[in-house]
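Read top to bottom, the protein sequences are chains A and B. Residue numbers for the first sequence follow this note's numbering, beginning at -18 and rising by one. Residue numbers for the second sequence follow this note's numbering, beginning at 28 and rising by one. Every residue gets a Cβ at the ideal spot worked out from N, C-alpha and C, and that includes glycine. Treat the numbers as computed from the prediction; the structure is a model and nothing was measured. Before any comments, here is the structure.
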Amino acid sequence: MLDLALFLILLTIGYFAGRATEHRHYKSILLREKASLHLPTVTSKMLPEVDQIAKSFLVTGSCVISIDYFKRILAVLRNIIGGRMTAYETLIDRARREAILRMKYEALGSHIIVNTRVETASIFSSASQNGIGSVEVFAYGTAIKLKKKL
Amino acid sequence: MNPSFTGPAVAFVIIKKVNDSAILLTNIDSVPGKTIVEHFGLVQGATIRAKHIGTDTLASLKNIIGGELKGYTKLLQESREEATSRMIEQARQLGANAIINVRFATSSVAKGAAELFAYGTAVRIE
């Protein structure tokens, strides 16, 4: 009985707190993405004219995000019937966008980031009882600063 | 710079020592604006880190409400910097002044421990 009560309490906390955190995070992501639009981030290796380049350096950004209790239970249920796991999709989406934003933040002052690579790892997952509950996303690329802006 | 971009939401950013060092890193095949005069081959750096019990306890609490696990982010970031600086040290010993084509890899070798691995090609540029 006590177990069930605890479970329901955790579920409720997870639902409300998780939803609030996600909402807040998405709001901040959208805001910062808009603010950083002036810095293009591309996955190609195409370079600007060589004589225009002043400086180039490696930039990185990483983020570990955990899923809330409610969504974890939802995912367990989803595992039974199969299908799209919407609960996990937002988790990974948030982590990726946050990592890319941090990478962009590190590249402040440069004009373009080329060869952006995004890596996802679920390390430390075996420690939690329910298996995967948090992902780490690591983004890196080469920031290029031009002598004068195009 | 737009203030909202540099604002409070980006609070957790560690300024890396890596970019200040004399060795230049890129993850493309060249150092833009410079010419490569000598190749030294592969250089690499790795580190294996285990999380400590404090961050783990905090993380399991955070697992209920969801959100970023700042302790883990920091841990992994520091480990990656460690791996990178080892790679840089190796390149420096070879007499290189840049590393091109840098790649990062992550694997979990044991329970609760992660291996961070960085590798690239050491070159001398002019």
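According to DSSP, simplified to helix, strand and coil, what is residue i?
i: A/Ala88; result: coil
i: A/Gln110; result: Reliability of the predicted coordinates at A/Gln110 is poor, the pLDDT of 47 falling under 50, and no value is obtained from them.
i: B/Ser87; result: helix
i: A/Gly(-1); result: helix
i: A/Thr137; result: Because chain A here runs from -18 to 131, residue 137 of chain A falls outside it and cannot be looked at.
i: B/Leu143; result: strand
i: B/Ser134; result: strand
i: A/Thr22; result: strand
i: B/Phe39; result: Residue confidence is low: B/Phe39 scores 35 on pLDDT, short of 50, so the model does not pin down where it sits. Its coordinate-derived value is still stated next. Here B/Phe39 sits in coil by DSSP.
i: A/Leu(-9); result: helix
i: A/Ser17; result: coil
i: A/Ser9; result: helix
i: A/Leu30; result: The sequence shown places Glu at residue 30 of chain A, not Leu. Looking at A/Glu30 - three-state DSSP - the assignment turns out to be coil, as it is neither helix nor strand.
Kindly indicate the opening and closing residues of the alpha helix (DSSP H) around residue i.
i: B/Ala110; result: Lys97 to Leu121
My understanding is that residue i touches residue j, with C-beta atoms under 8 angstroms, so please give their C-beta distance in whole angstroms.
i: B/Val64; j: B/Gly147; result: Their Cβ separation, rounded to whole angstroms, is 17 angstroms, which puts B/Val64 and B/Gly147 out of contact at 8 angstroms.
i: A/Tyr50; j: A/Gly(-5); result: 3 angstroms
i: B/Leu121; j: B/Phe67; result: 4 angstroms
i: B/Glu109; j: B/Thr74; result: 5 angstroms
i: B/Asn128; j: B/Asp56; result: 6 angstroms
i: B/Leu85; j: A/Ser47; result: Not quite, the Cβ-Cβ distance comes to about 11 angstroms (not below 8 angstroms), so this is no contact.
i: A/Ala80; j: A/Phe119; result: 6 angstroms
i: A/Val99; j: A/Arg77; result: 6 angstroms
i: B/Gly72; j: B/Thr111; result: 6 angstroms
i: B/Arg151; j: B/Asn124; result: 6 angstroms
i: A/Val40; j: A/Met84; result: 5 angstroms
Within 10 angstroms of its Cβ, does residue i collect 16 or more other Cβ (buried), or is it exposed?
i: A/Gly64; result: exposed
i: A/Ser91; result: buried
i: A/Leu58; result: exposed
i: A/Phe(-3); result: exposed
i: A/Gln110; result: Reliability of the predicted coordinates at A/Gln110 is poor, the pLDDT of 47 falling under 50, and the value obtained from them is presented with this limitation in mind. Classification of A/Gln110: exposed, given that the 10 Å Cβ count is below 16.
i: A/Val31; result: exposed
i: A/Ile138; result: Residue numbering for chain A in the displayed model covers -18 to 131; residue 138 of chain A lies beyond these limits and cannot be assessed.
i: A/Ala(-14); result: exposed
i: A/Glu70; result: exposed
i: A/Asn96; result: buried
i: A/Lys52; result: buried
i: A/Ala88; result: buried
i: B/Asn90; result: buried
i: B/Ile92; result: buried
i: B/Phe131; result: buried
i: A/Ile125; result: buried
i: A/His19; result: exposed
With which residues is residue i paired in a DSSP beta bridge?
i: B/Leu52; result: B/Ile126
i: B/His66; result: B/Val150
i: A/Ala56; result: A/Ala56 pairs with nothing; no bridge assigned.
i: B/Gly72; result: B/Ala145
i: A/Lys36; result: A/Lys126
i: A/Ser47; result: A/Ser115 and B/Gly94
i: A/Ala(-14); result: According to DSSP, A/Ala(-14) bridges with nothing at all.
i: B/Ala77; result: B/Ala140
State the start and end residues of the unbroken beta strand (DSSP E) segment that holds residue i.
i: A/Gly64; result: That residue, A/Gly64, is in no beta strand (DSSP E); it is neither H nor E in DSSP.
i: A/Gly122; result: Ser115 to Leu127
i: A/Thr97; result: Ile93 to Ala102
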